Every structure is written in C-alpha cells, then in structure tokens.
Amino acid sequence: MFEYIPTVLRSQEIIDKSFKKASNIVEPYFPKKEDKIRKEITDRISTIESISTGHFDKLIRKFPTIETLHPFYFDLIDLMFDVDKYKLSLGNIQWTSNKIKELSTVYIKKLKSAKTVDSLNGIMKSYYGRYSSLIKNINKDLLFLGECRNYFKRLPGIIMDIPTFIIAGIPNSGKSSLITIITGTNPEVADYPFTTKDVLLGYKIINNRRAQFIDTPGILDRDMSRRNPIEKRAIIALSKIDGIILFLFDYSGTSKYTVEEQEGLYKEISETFNNKVIRVQTKIDISEKHESVCISSKNSDVNQLMDIIYKEVDEFYGIRNKETGN
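Per the numbering used here, residue -6 is the first one in the sequence shown, and the count goes up by one each step.
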C-alpha cells in the first residue's frame, strides 16, 4: 500500500530541475523584443510553478493520511516518528505549493505592465529569488518526509480485509515450514521495523477466496519478560490485526523449551490478543498426541488443520457477504 509514494526531492534538486527546464524555453520571433522576452519569462514562470507544485501535490496525494490508516500501521508509524511532525511537514508542503501558485500569478501579472527589457528581467530575477527562498524554507520537511517514505516502504504489506492466520509458538516449532506447506510456496519476506526481524507472508486460494498467513520470527516466540520495549510495542501493533492465531505446541522434547514455558507463552498471547486462538500440536510424527489438532511438517500432514482453516475462511466470507449484501 506504500509502494506508490514518490521519491521526495530535496530543495536544491527541485530548484535545479525547475530552473533547468525553464532555461530551455525560447520563444519564436516577435516583432518587438519586449514582447518576446515577456512571453519567455511568462512561460518560464509557469514551467517552474508546474514542476515544483506538481511534485508537491503528488506528495500530498500519495503520502498516507495518518487518521485513515489501519491501527496496525498507525501504531508502527507512531513507533517510528512523531506523528504531529509528520502532519506539520505535509502541511508545510501544501502551504508552499499554494504560495508558489499565488506568487506565480502575481509575477505574471507584473510582466503584463512592464515596458522595458530591464524591468522584465528584473521581475524574473525577483521571482526566481522569492521562489528559491520558499523552496529552501521547507528543506527540513522534505528531508524528514524522505525518511518517512523509506520507512513506509519497509512496512510489511499485510492485507487487512481477507481471512488472516497469524502463526505463533516457540522457536523451531515449524512455523515457517507450515506456511510453505499450506501455501505451496516459500513465504514472502518483509521487514518488521525496529526488531531486526522479518515478517513472513504467504497466501493460498481457498474455494476461490484468498487467505493470508503470517509468521513473525522472533516476535511471537518468547515471553514478554524477555522483550525490549520496542518489541513489546511491535506486538501491540500486531495485535490490531483481525486474524486467527495458530499457536504451535511442540511436545517432542527436541527443543529447549518445556511444556510449561510454552503454556506460559500461550497464556500471554491469549491475554495480549483479542483474536481467536487455535492450539495446534506439531511434530506429531515424533511425539504423543496431546492436542485435538495435530500436524507434521516433516510428513506434510496438515489435513486436520486445513479442515479448520477451510471452515474459518468460508465463515469469514459468509459473514462478509451478509455484511455487504452479496
């Protein structure tokens, strides 16, 4: 959803680009030299206005409006930078765009009443100076928004309006393998900001409907007491996703985590998330059965879990169809 935010040019880059384009404008022959110069300067001012305000207006359109973002993205963005500063910077860009349009209109009117070449060139020089000052005054805003853009493009592209399954459990319990088995492909990898971790995303078509599977290695695999404040806030952001949690239990004894530790993690996640949580036992090929839902990633035996997933997906779209009247 953030892929279409354009590159944010710095002040000097905008000035150089505008002036270079304007300098290439040469009008054809006019009977009077003053009329030729007047037309050239008018077109140059219009070109400078068009290039700069076009860039600014595109930034305003493409940068997300914070209030309309899904709470998951709002929390991550709020975690990264001052939201008020973000709004102020976009406001400064909008104000500058409007002022450039006003300035250009005023100076084009001045050109109409100028009588000599010197006065025409003086008007152009004055416009260039005031225009440059306006652009340079927002350089800090442009630099800040450039940093915001780079951050936005790192955010995982999670789809919020399709059935979603979030996979949790201790390390090496088979979470990423499960996504691969269910979807038939290796999961997409996206940065999860501030944690030096990745989000793994997989998708599967179920009864002609798309479902989404999410794994967050290093996030939902250990208790809160072992997390830093940033990771805790990242988990709170993740809890805003309306999905079903598949919590994987490993009873094989092949990991360093006890059953009690896994139950503790399960309890924490159940209390942190309002989502429905389904307990799933992994590695059933090398362990006794303890849960009602059991799978084996090694043998690709996930049929029992898939029956539940199919049911949840059908229910999701059934509810959605009732809501939309389809």
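Even glycine gets a Cβ: it sits at the ideal position worked out from N, Cα and C. Bear in mind that the values here come from a model prediction, so they are computed numbers and not experimental data.
The beta-carbon separation of Ala230 and Leu81, rounded to 23 Å, does not stay under the 8 Å limit for a contact. Boundaries of the beta strand (DSSP E) harbouring Arg272: Val270 to Thr275, taken from the DSSP string.
The beta strand (DSSP E) runs lying completely inside the region 192 to 278 and spanning 3 residues or more are 202 to 208, 237 to 243 and 270 to 275, given in chain order.
By the C-beta criterion, the region 133 to 140 is judged to be in contact with the region 2 to 16, since at least 3 inter-stretch pairs fall below 8 Å. Looking at the DSSP output, Val182 sits in a beta bridge with Leu193. Scanning its chain for C-beta atoms nearer than 6 Å, with the 5 sequence neighbours on each side dropped, one finds around Ser166 the residues Leu241, Asp243 and Thr275, in chain order. With distances taken between CA atoms, Leu104 lies nearest to Tyr120 out of Asn292, Phe65 and Tyr120. If you draw a straight line from the Cα of Lys14 to the Cα of Thr58, it comes to about 32 Å. The region 123 to 131 makes no contact with the region 168 to 178: fewer than 3 CB pairs, one atom from each, lie closer than 8 Å. Counting only runs of 4+ residues, the alpha helix (DSSP H) found wholly inside the region 78 to 154 occupies 110 to 129 and 132 to 145, in chain order.
Less than 7 Å separates the beta-carbon of Asp214 from that of Pro164. DSSP places Phe23 in the coil class of the three-state scheme, outside both helix and strand. With distances taken between CA atoms, Leu113 lies nearest to Arg37 out of Ala183, Tyr66, Arg37 and Lys260. Per DSSP, the continuous beta strand (DSSP E) segment holding Thr157 begins and ends at Thr157 to Gly162. For the pair Ser11 and Asn268, the Cα-to-Cα distance works out to about 52 Å.
By the neighbour-count criterion, in which a residue is buried when 16 or more other Cβ atoms sit within 10 angstroms of its Cβ, Tyr100 is buried. Annotated three-state conformation of Ser45 is helix, per DSSP.
When Glu256, Ile160 and Cys141 are compared, the shortest CA-CA separation from Ser232 is found for Ile160.
For Ser4, the secondary structure class from DSSP, reduced to helix, strand or coil, is helix. When Cβ pairs closer than 8 Å are counted between the two stretches, the region 292 to 299 is seen not to touch the region 250 to 268, the count staying below three.
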